[in-house]
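Protein chains in written order, with the numbering used here: chain U, 5 to 423; chain E, 1225 to 1599; chain D, -8 to 499; chain P, 12 to 387.
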Amino acid sequence: MRAALDRLPSWARWMVYAAVGVLVLTVVQGFDDTERLTAVTSSQAMLRWAVPIMLAGLGGLFSERAGVVNIGLEGMLILGTWFGAWGAINYGGWAGLVIGMGGGAIGGLIHAIATVSFGVDHIISGVAINVTAPGVARFLSSEILTGYDGGSITQSPRTPGVGRFTFPFLAGGDLFGWDTPDVLGWFARKDWFFVSDITGLVRGLVAQVSLATMIAFALVPFSAWLMWRTRFGLRLRICGEHPTGGETQGINIYLYKYFGVVISGALAGLGGAFIASPELSGIYLEGQTNGRGFIGLAALIFGNWRPGGIMAGALLFGYPFGVGLRDLDGSASHALLLVNTIALLAVLAWALNRRRRIDAGLAAGLGLGAAVWYFLSTTVPDWWIAILPFVIVLVVLVFFSQRLRMPRADGLPYRKGEA
Amino acid sequence: GDDEETETVAEPEPAAAEPEPDPEPEPETTEAPEPEPEPETTEAPEAPEPEMTDISVGLVFDIGGRGDQSFNDSAAAGIERAAAELGITFTEASPEPDGSNRGELLQLAADAHDIVIGVGFLFEGDAAAVGAENPDTRFGVVDSAMLNFGADPVAPYGENIAGLVFAEHEGSFLVGAAAALKSQTGKIGFIGGVANVGGLIERFEAGFNAGARTVNPDIEIIGDYITEAPDFDGFNAPDRAKEIALAMYEEGADIVYHAAGGSGAGLFQAALEQSEATGSKVWAIGVDSDQYHTADAGVRDYILTSMLKRVDVSIFEMIKSVIDGTMQPGPTAYDLSVDGVGYSTSGGFVDDIAGELEALKAQIVSGDIAVPTEP
Amino acid sequence: MAPAIELTGITKRFPGVVANDDIHLEVAEGEIHAICGENGAGKSTLMKILYGMQPPDSGTIRIQGDEVELHSPAQAIELGIGMVHQHFMLADQLTVLENVILGAEPMRSLGRIDFQAGREHLDEVGRAYGLDINADDLVETLEVGERQRVEIIKVLYRGAKILILDEPTAVLVPQEVDELFRNIRELKASGATILFIDHKLDEVLEIADTITVLRQGRTVGTVKPGEVTAHDLAEMMIGSELPVPDAGASTVTEEVALELSGLRVAGEGDRAVVDDVTLSVHRGEIVGIAGVEGNGQAELVNAIIGIQDPDQGVITLLGRDITHVSVRHRREMGLGYVPQDRHRDGLLLGFTLWENAALGHQTEKPYSRGPWLSRLGMRGRANRIKEDFDVRTPNIEVSAHALSGGNQQKLIVGREMVADPAVLIANHPTRGIDVGAQAAVWDDIRDARSRGLATLLVSADLDELIGLSDTIVVMLRGRLVARLDPNDVTPRDLGAYMTGAALEAGAP
Amino acid sequence: MTERLTHRLMLASAAPIAAVVIAVVLSSIVLLISGSNPLAAYADMVQHASKLETQVDILNRATPLYLSGVAAAIGFRMNLFNIGVEGQYLLAFIVAAHLGAQVELPSVLHIAFILVVAMAVGGMFSGAAGVLKVTRGVNEVISTIMLNAVVISGLAAWWIVEWQAGGEISATGGRVGTEPIAESGLLPDINSWLEVFTREVGLGKKLTGMLVVALVVGVVYHVILNRTVFGFDLRSSGANPTASHVGGVSPKRMVVIAMTLSGMVAGLVGMTELMDTGYYPSNPISLLGFTGIAVALLGRNHPAGVAVAALIFGFLDVSSGILQISGAASREIVEIMKGVIILTAVIAYEVVRRIREREEAAAAAAAMAASPGADA
Ligand SMILES: Nc1ncnc2c1ncn2[C@@H]1O[C@H](COP(=O)(O)OP(=O)(O)OP(=O)(O)O)[C@@H](O)[C@H]1O
Ligand SMILES: Nc1ncnc2c1ncn2[C@@H]1O[C@H](COP(=O)(O)OP(=O)(O)OP(=O)(O)O)[C@@H](O)[C@H]1O
Ligand SMILES: [Mg+2]
Ligand SMILES: [Mg+2]
C-alpha cells in the first residue's frame, strides 16, 4: 500500500490523500447530521477564501525565493484592495484586477528599493510598508472615493466583477452553445455514500467558478513552471540561494531581486483586488484585508516555499473559514472537532511508525482533548470556529516545521561586488 | 437584569427627571485652560426661529467616520440639516483606527465649539469625563443613556450631557414583521456585526425575532454574528457577511436583515447574486439609514426596507433643544412614538403590507406590545 | 601574437587599503600563469577586476590585444574568461546541473530551459576533461573535491578560454591536487590560458609556466619556475624568509588534560559521523588531527566544546567527566577554543573589539563580577590583548569587522590565551590569514604549550600539522585510523593516510 | 577626541534628523497636492503640542507605545520577530483585569499583584511561542500571528462573556466589560509630579502613573542589556547565535528567555488603560502591539531611541485631532507621515551605518599601515 502510494506521481498521491480526507469528512458529518462538510457550496467557499491568502503566499514566494523576506504583504494587499476597487469601478472588473496588481506592485517596488538598493533590513522595510499602506489608502479615499456616489473616506461604491465559468461535461457548462451534461452533478444528486459527496465537492470546484479564481489557481502551476522550468525562475532562485554565486555567473542579481519583489507586490495586489471584487466583498472597505497578508506569509512557510504547498496551506485556511462562516447552526463546526481528532490520530500513527515519541505524545494528547470535547458537547462556541484555521495551521507546524527548508540566503543582505 | 434598563430607555423621563440639581461643579473657573469664555447667553438664545445663530457644533464620528452609508452618515445628515435649518456651523472628526483618542477629540471639540456630539456609545466614558471638565459646553452621545449607573441613585453624568438613545428593538420589530409577512419560504435571517458588545446588536436581533414571530409564530429565523467582541472586524467584513448571507439564502431564507455596519454591503451583494443565480428573488433589509438610497444603485432593488434609526433626527433635535434652552440631561429616547426609529418604504416594496405594519406600530406605541431587548 | 591578457596600471583602493597599486601583468596565450603573494596581497582583487566583478579605480585591461572595460562578470564571460573563486560559489539546494548552466542556460521556447541539452553538454565537458560528476545530484550532497570539480565544469561549460583559478588547492589533499593539476595540464593542452593563484610554493613551481609575485598590492616581479627556488619566491612574497612552523623541544608531560573515550556522534539518519574515537591529550602536548574535510573533525570538535551531544562515550577534562556539561561550564573549567570560521563562530562583527574580547569568557573575571559586566575589566583586557598579541587597530572601540582577517584571528587567539586555558582546541587556527599573523599564532600556541597547555590542533595545512604537533592522528570516515610521529612523516604520506590510500596499500 | 565625539554625534543624529526632514517635505508635497496649506497645518500641530494638557495626552499615548516598543525591541535584539505583542497584551489585560477584581489587597500590593499577573500572562504566552520555536522549529512570526488570532477572536471573546457577569451589561449606559477593579488596585495619576515643574494640569487630564512604570522598564531594559552578563549573552546571541553558542550561550535558552521577557513587557501595555478605567472593556484600545513594532524599529531598539519614537508617534496621533478640528489638513497626513518617517529613517540609518563602517575600516587600515611593516 505504502509502496504503491510512493510509486504515484506526487499530484496523484495528493489526490489520494484528498480523497481519503473527503471520505473522513463524509463519514464524520453523518454523526452530526450535517451536510455542510461536503456541500458543493463549502468547496466554493473554500476556494473564495483561499484565493487572497494563496495570492499573498505566492507573492511571498516570489520575494523570498529572490532572497527578500516580505512581511509587507499585508500592506501590499491593502494597496491592492484600494487600487483594485478604484480600477474596477472606473474601468471594469478585469481592469480592477490589473490595476490592483499595479497598486500592489508599487508597494513591492518600494520594498525592493529599500531592501535591495539601500540594504535596509527586510523586516523593517516590510513593517514600514504595513504602516504606510493604510494611511495611503485612506488618504486616497479621502481625495478620490469621497467624490464618488456611494463612496466615502472608508469605502468605495460597489465594484463590478469578472465573469464566471462552468466546466463543460464536468459540471454541465456550455460548450459552443451546447448545454453539456452535468456529470458530476448527476452523481452528486444520487445520494450515494461518499461518491456523491466527493463528486459534490469536486463539482463545487468546477461549477460557476469566477474567472479570477481560475486565474489565481492557474498561477500555482504557472509559478511552479516559471520557478523550476524557466531561465527566469532559475535566476530568481539563485538570488535566494546564493546571490554572489549568481553574480559570478554574470547574473544581475539586483535586477532579479527587483523582479521578484515587484512580482510579489503585484500578486499580493491581485489578492487585494480579489478581496474587493464581488467574489468576496464587492466593495473597497477600510480594514477589510483582516490580516490576510500575514496569513499568506503563514501559508508560504507552511507550504515550504513551494507553490503547491502554498496552495495547500491556503486551502487549509480557506476551508474552515468558509465552512465556519456558512455553518449557521454550528453542526459542521462540531463535526470538525471529530475531523481534527481523526487527523491527529493519523499523525499519531505516523509518529509511532517513525518512532517519534514526542510527536506521538503530543498527537495523542491533542487528539484526546479534541475527542473529549467532541463527545462531551453538542455544539461548539462561535469563537472556536473563528480561530480554528489558525489552530490547525499552528498544530500542523508543530508537527512538521522541522522538515521545512527556506531559501538559504532568504533575508540576508546582499551587495554587489562583495563576494 | 436588563428589564429596568429597558424601561429607562423607553420612557424619556424617569431616572433622569428626578435627580436633584446637586453636584454641578460650579463654574469655579480655574485658570488658563478655557480658551474662550463661553457666554451663557449664546447657549440659550431667545430666538428659536431658524435664524443664523452663531452656535457651533463639533461632531465626532466613531472610527470609520462619515461615509459608512448607514449609522455615521445618518449622523452627518442630521448635522447638515441643523446647519441648513438652524444656521449652526460645525466641524467633524474621527478617532485613530485603534480608538485611542476619543477623549482628546471631545476635548478639542469642546475647546472650539458650543455643542459636542459623539456618534456612538464608545464615547460614553470619555464624554462623561470631558463633560465634567467643560460645564459650559453641551454634550450629546448617540446610543448611550449617559446615566451613571455606578452612582446611587442612578443619575445623569452631568447637567450638560445628553444621551440620545434609540429603541432599535422596536424598529427591528417592524422590519421583522415585514420580513415575516413578505417571506415566501417561511424562513428569514439575521446577521449581526459583532456579538457581545454590551448586548447592543442583540437588541436588533431580539426585536427582529419578536416582530417576525408576532405575525407568524411558525417562522424560522436563522441568526448569526460575524465576530465577537473584542474582534470588531465584524463591522468591517462585507466578505464574511456575504458568505453568511449566501448560506442563509441557500438554507431557504429569502429575507435577511443585517445589523452589521459596513459589512452590510456584503449582504446586499449576496442578495443580488443569489437572486441572479437562482432566478428567484431574495431580499435584504438595511439598517440605520434608508439603505435603499445610501447603498449602491445596483443592489437597491433587493433592499426590501431598512430599519431606520433616526440618528439624524436625534442630532437635529438635540441641537435644537440646546438652542431652545430645553436640553434634557441624561437619556432622551427616540422610539417609535416619536418616530426615532421606524422602517423605510423606499422602493415601494412594503407598500402592500403598510397597513399591518402601521397597526403593529400603533400597538407598540400604545404599549399593547412590549418588545423584548434580549433575544 | 598579442598576449591573452594584458593589465596595465591597475589600481584599486578600498577604504583605507590600496588593494592593487599600479599593477602590470602580461599573460601569454596558452600558458599557466601563477600569481603568488601572501594573504591580502591583492591577488583576489586583481582577479575580480579582470573578471568584471569590481571596477578598477584606474588602469586598462586588454584581452587578446583589445582594450576592454568590464562592468560585470557577464562581459568577462562573453570574452571567454572564466573564474573559479577562492570560496565555493555553489547553491547547496540546487542541482549540479542548475548550478552549472546558470547564466548560460540552453533555451527552448517560452523562456524554458532545455535541461536535456544542458545535461548532455555538461557530460560532454566532464568527459572531455575527465571531470566526473552526476548532473542531477544536489550540491549539498557533494564532497569538497566534487564541489571543486563542479566549479571548474561551470567555467568550462561556458567554453572559457581564459581560466582564473583562485586558490583552488586550499581545500584539497595532495592526491586531489595531483588530480587537479592533471586537469589543468589537459586544459592547457587544449589551448586554454590559465591564471592560477596559490601560495603553496612547491605547487606553484610544479605547475606554472610563469610566476608573478604580488606584495602589498604591487607587482614584485615575474619569473620562470626554472630560474627560482621556493626560497627565492618566498623572499619575493614577504620580503624575508618564509616562517616555518616548528614545535621545538618536546614539553609533553604525563598528566592527561583531555581524554576522549569511545566517543560516538550521530549524524543524519543515525549514521556515526564520529565513530568510537579514543584519544588523550597531555599537558604540554599538541595533538594534531589530520583529515580530509568532512570526515568528522568538525563534529568531534563540536562534541568536545559542547555544542553537539555525543551519543556514546565520555569526554574528560582535567579528570572530570564533562560529557554532558554545558559549553559555558566547560569554558569556565579551562577549555579554550579557536574556531575555524572566525566570522561564523568566533566574532560578533558589529560589536566593538572589547566586547569581542570578552566573548566566551563573559562570566569570568575581570570581564564581569557576579551578574554585572565590568566595562573597565573588558576594556582593560582588550587593550592587553591588543598589545600582547599585536592586534593592529586604531583603538578597541572599533567594531570587529573593521579589522583584517589576520588581526581578527589574533584577537581571537589572544582572547583564548589570556584566559589561560588548560586545554585549547585550535580548529584551523591559521586558515586564511597572512604569513605574519600565521607566525604569530604559531608562536602563541608554542608559548602556551611550554607553559603546559594541552592543545588539540585540527588543520588542513599539513605543514602546520607536521611542524607543530607532538603527535598526529588521522581521521577518516569518523574514525581515527592512524597515529603518526610528525618527525618521520611527509605531507605526501599524510595525504595518503587521509584519503585512505595508505591503508588500502597496507602501509604502516 | 572631542572632534571625534562631535563627529560621532553628528553621524548618530544625522539619520533621525534626515528622516524627519524628508518626512516633512514629502508630507508637505502631499498636503499641497490635496489643497491644504502645510505651514498652517504644522503651525496648528506645534501650537497644539505646546500646551501642557496636550503634552499630557502625548505622554499618555506614548506610554503604552513605549512599552509595546520595548517588548518588540527585546525580541529584535535576539533576532526574534515577536509579532504577537498584540495578542499578548490583550490577553494579559483581560486576565489581569479579571483577577485584579477578585482580590482585595492594600493598594501597593494590589497594584503590584495586577502588574505581576499581567507580566506573567504575557510572558507565558509569548514564552510558549519561544518554546515552540526551539523545540518544534515553529517560526515565531507564524506562531505569534496564529496566537494573536487565538487570543483576539478566541480567548478574549470567550472570557469577556464569562467574566463580564460581574459588571453591569447594558448598551445604553451600564458598563460593558469585566468587573471593575477596586480603587486600591488603580495606579494614581502623577499630575502632581508634573505640576511641580509646571502649572496645574487642566481639563481633567490625568498623566498616567504607568509612565513611571514605563520609565522603570526602560531603565531596567538598558541596564540589563548593557550592564549585565545576561544582557551581553542576549545581545551576542542575537547578533551571532553560533559564535555566541561557541562562547557558552545556549541559543535555545536565549530564545525562550527573550520571548518571555518580551511578552512580560507586552503584558504591561494594556495596563495604561486598565489602571485608568479599572476594567477590560469590549473594545480595548487595540493595535498597540503592531504600532509598537514600528516604534521599536524607528527607535532602533535602543531604550532612549524607542522613547523618542514613542513620543513622535504620540505627537502625531495627538495632532490628528487638532488637524481635524482646525480643518487645516486631513488627518490621513498623520498616517502618511508615520510611514514616511519609518521608511526614510531606516534608509537613512542604513546609509549612516555604511558610512560609519567605512570610516572604521579606513581607521583600522591606517593603524595597520602606521605600525611597522606587515611582516612579523
Ligand atoms: N570588498 C572589499 N572591501 C574592502 N576591502 C577589501 C575588499 N576586498 C578586499 N579588500 C582588502 O583588499 C586587500 C586585498 O585583498 P585580496 O582579497 O585581494 O587579497 P588576496 O591576495 O586575495 O588574499 P588571500 O590570500 O587572503 O585571498 C585586503 O587588505 C582586503 O582586506
Ligand atoms: N541614538 C541611538 N539610536 C540608535 N541606536 C543607538 C543609539 N544609541 C546607541 N545605539 C545603538 O544601540 C546599542 C546599545 O547602545 P548603548 O548606548 O546602550 O551602548 P553604549 O553606548 O555602549 O552605552 P552607554 O551609552 O551607556 O555607554 C549600540 O549598538 C548602539 O550602536
Ligand atoms: Mg457562525
Ligand atoms: Mg584571495
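Using N, Cα and C, we set each Cβ at its ideal position, and we do this for glycine too.
Using a Cβ-Cβ cut-off of less than 9 Å, give me the residues of the stretch 1438 to 1468 of chain E that come near chain P, in sequence order. Of all residues in the stretch 1438 to 1468 of chain E, THR1451, GLU1452, ALA1453, PRO1454, ASP1455, PHE1456 and ASP1457 have a Cβ within less than 9 Å of some Cβ in chain P.
Considering Cα atoms alone, identify which of LEU224/D, CYS27/D, MET74/D and ARG321/D is closest to LEU309/D. What you label residue 309/D is simply residue 318 of the third sequence in a count that begins at 1. Answer by Cα proximity: ARG321/D.
With 9 Å as the threshold, decide whether the Cβ of MET157/P is near any Cβ in chain U. As a position in the fourth sequence, residue 157/P is number 146, starting the count at 1. MET157/P counts as touching chain U.
Taking Cβ-Cβ distances shorter than 7 Å, what residues in chain D pair up with ARG233/U? Within the first sequence, numbered from 1, the residue matching residue 233/U stands at position 229. Within chain D, the residues near ARG233/U are ARG103 and ILE104.
Pull out every residue of the stretch 298 to 332 of chain U whose Cβ sits closer than 8 Å to any Cβ of chain D, in chain order. none
If you draw a straight line from the alpha carbon of GLY107/U to that of ALA1508/E, how long is it in whole angstroms? For this step, residue 107/U is matched to residue 103 along the first sequence. For this step, residue 1508/E is matched to residue 284 along the second sequence. For GLY107/U and ALA1508/E, the distance between alpha carbons rounds to 33 Å.
Do ILE277/D and ASP476/D have their CB atoms nearer than 9 Å? Reading the third sequence from its first residue, position 286 is the one you call residue 277/D. Reading the third sequence from its first residue, position 485 is the one you call residue 476/D. For ILE277/D and ASP476/D, no; Cβs fall outside 9 Å.
What do you get for GLU259/D, buried or exposed, if any count of 16 or more other CB atoms within 10 angstroms of its CB means buried? Taking the third sequence and counting its residues from 1, one reaches residue 259/D at position 268. Exposed, by the Cβ-count rule.
So, is LYS356/D buried or exposed, given that buried needs 16 or more other C-beta atoms within 10 angstroms? In the third sequence, counting from the first residue as 1, residue 356/D sits at position 365. So LYS356/D counts as exposed.
Chain P contact for VAL1589/E (CB, 9 Å cutoff): Along the second sequence, read from residue 1 onward, the residue named residue 1589/E stands at position 365. It does not: the Cβ of VAL1589/E has no partner Cβ on chain P nearer than 9 Å.
Alpha carbon to alpha carbon, how far is ASP1278/E from THR1313/E? Give it in angstroms, no decimals. If you number the second sequence from 1, residue 1313/E lands on position 89. If you number the second sequence from 1, residue 1278/E lands on position 54. THR1313/E and ASP1278/E: Cα-Cα distance of roughly 7 Å.
From HIS501/D to LEU186/D, what distance separates their C-alpha atoms? This structure does not reach residue 501/D, given that chain D is present from -8 up to 499, and the question cannot be answered.
Taking SER1324/E and ASP200/P to be in contact with their CB atoms under 8 Å, please state how far apart those CB atoms are, rounded to whole angstroms. Here residue 1324/E corresponds to residue number 100 of the second sequence, with the count starting at 1. Here residue 200/P corresponds to residue number 189 of the fourth sequence, with the count starting at 1. Actually they do not touch by this definition, with Cβ atoms about 17 Å apart.
Please find out if some non-hydrogen atom of ligand 1 comes closer than 8 Å to the beta-carbon of GLN331/D. The residue given as residue 331/D occupies position 340 in the third sequence. Checking every heavy atom of ligand 1 against the Cβ of GLN331/D, none is found closer than 8 Å.
Which residues mark the beginning and the end of the alpha helix (DSSP H) in which TYR95/U is found? Residue 95/U sits at position 91 when you count from the first residue of the first sequence. Its alpha helix (DSSP H) spans residues 77 to 95.
Residues around ligand 1, please: the condition is that the C-beta lies closer than 6 Å to some non-hydrogen atom of it. GLU422/U, PHE5/D, VAL8/D, ALA10/D, GLY28/D, ASN30/D, GLY31/D, ALA32/D, GLY33/D, LYS34/D, SER35/D, THR36/D, GLN77/D, SER395/D and GLY423/D
Report yes if the CB atom of VAL1365/E is closer than 9 Å to the CB atom of GLU1383/E, and no otherwise. Along the second sequence, read from residue 1 onward, the residue named residue 1365/E stands at position 141. Along the second sequence, read from residue 1 onward, the residue named residue 1383/E stands at position 159. Cβ atoms of VAL1365/E and GLU1383/E: not closer than 9 Å.
Output the residue ranges of the beta strand (DSSP E) runs that lie fully inside the stretch 93 to 168 of chain U and measure 3 residues or longer, sorted by chain position. 159 to 162
What residues of chain U sit near SER395/D, judged by a beta carbon separation below 7 Å? Translated into positions along the third sequence, residue 395/D becomes position 404. Ordered by position in chain U, no residue passes the 7 Å Cβ test against SER395/D, which lies about 15 Å from the chain.
How many angstroms separate the CA atom of ALA60/U from the CA atom of SER268/U? In the first sequence, the residue the question calls residue 60/U occupies position 56. In the first sequence, the residue the question calls residue 268/U occupies position 264. Near 8 Å, if we compare the C-alpha coordinates of SER268/U and ALA60/U.
Cα-Cα, which of VAL75/D, ASP127/D and GLU218/D is closest to PRO159/D? Translated into positions along the third sequence, residue 159/D becomes position 168. The option with the nearest alpha carbon to PRO159/D is VAL75/D.
Counting C-beta neighbours from all protein chains within 10 Å, is the total for ASN74/U 16 or more, i.e. buried, or is it exposed? By 1-based counting over the first sequence, the position of residue 74/U is 70. Buried, since its Cβ has 16 or more Cβ neighbours within 10 Å.
Contact with chain U by THR1409/E, beta-carbon distance below 9 Å: Here residue 1409/E refers to the residue found at position 185 when the second sequence is read from its first residue. So no, THR1409/E is outside the interface.
Close-in-space but distant-in-sequence residues of the same chain around GLU1242/E (CB under 7 Å, 5 per side omitted): Walking along the second sequence from the start, residue 1242/E turns up at place 18. Confidence at GLU1242/E is low in this model, with a pLDDT of 37, below 50, so the placement of that residue should be treated as unreliable; the coordinate-derived value is given next. Result list for GLU1242/E: empty, nothing under 7 Å.
Please compile the residues from chain D whose C-beta is within a distance smaller than 8 Å of the C-beta of ASN251/P. Against the fourth sequence, residue 251/P aligns to sequence position 240. In chain order: ARG335, LEU338, LEU339 and LEU340.
Which first and last residues belong to the beta strand (DSSP E) in which THR1313/E is found? The residue you call residue 1313/E lines up with position 89 of the second sequence. Where THR1313/E is concerned, the enclosing beta strand (DSSP E) stretches over 1313 to 1317.
Less than 6 Å between C-beta atoms, sequence neighbours within five positions excluded: which residues of the same chain meet that for LEU415/D? Here residue 415/D is taken as the residue at index 424 of the third sequence, counted from 1. Closer than 6 Å at Cβ, skipping near neighbours: GLY327, LEU444 and THR446.
Check TRP196/U in the structure and name its three-state DSSP category. Along the first sequence, one-based indexing puts residue 196/U at 192. It is coil, neither helix nor strand.
Reference ASN94/U, options ALA222/U, PRO161/U, GLY167/U and THR345/U, closest by Cα: Here residue 94/U corresponds to residue number 90 of the first sequence, with the count starting at 1. Residue PRO161/U is the option with its Cα nearest to ASN94/U.
Check the Cβ of SER425/U against every Cβ in chain E and list those closer than 9 Å, keeping chain order. Since the first and last residues shown for chain U are 5 and 423, residue 425/U lies out of range.
For PRO362/D and PHE241/P, what's the separation of their Cα atoms in angstroms? By 1-based counting over the third sequence, the position of residue 362/D is 371. By 1-based counting over the fourth sequence, the position of residue 241/P is 230. If I take the Cα positions, the gap works out to 7 Å.
Since GLY1564/E contacts VAL1523/E with CB under 8 Å, what's their CB separation in whole angstroms? Taking the second sequence and counting its residues from 1, the one referred to as residue 1564/E is at position 340. Taking the second sequence and counting its residues from 1, the one referred to as residue 1523/E is at position 299. Not really, about 27 Å apart at Cβ, beyond 8 Å.
Tell me, please, whether the CB atom of ALA168/P is closer than 9 Å to any CB atom in chain U? For the purposes of this step, residue 168/P is taken as residue 157 along the fourth sequence, with counting starting at 1. Yes - at least one Cβ of chain U is within 9 Å of the one on ALA168/P.
Closer than 9 Å by beta-carbon distance: list the chain P residues that pair up with ASN1325/E, in chain order. Indexing the second sequence from 1 puts residue 1325/E at position 101. Correct list: ASP68, ARG72, ASP328, VAL329, SER331 and GLY332.
Looking at the C-beta of ALA1489/E, does it have a partner C-beta in chain U at a distance below 9 Å? Here residue 1489/E refers to the residue found at position 265 when the second sequence is read from its first residue. So, interface residue.
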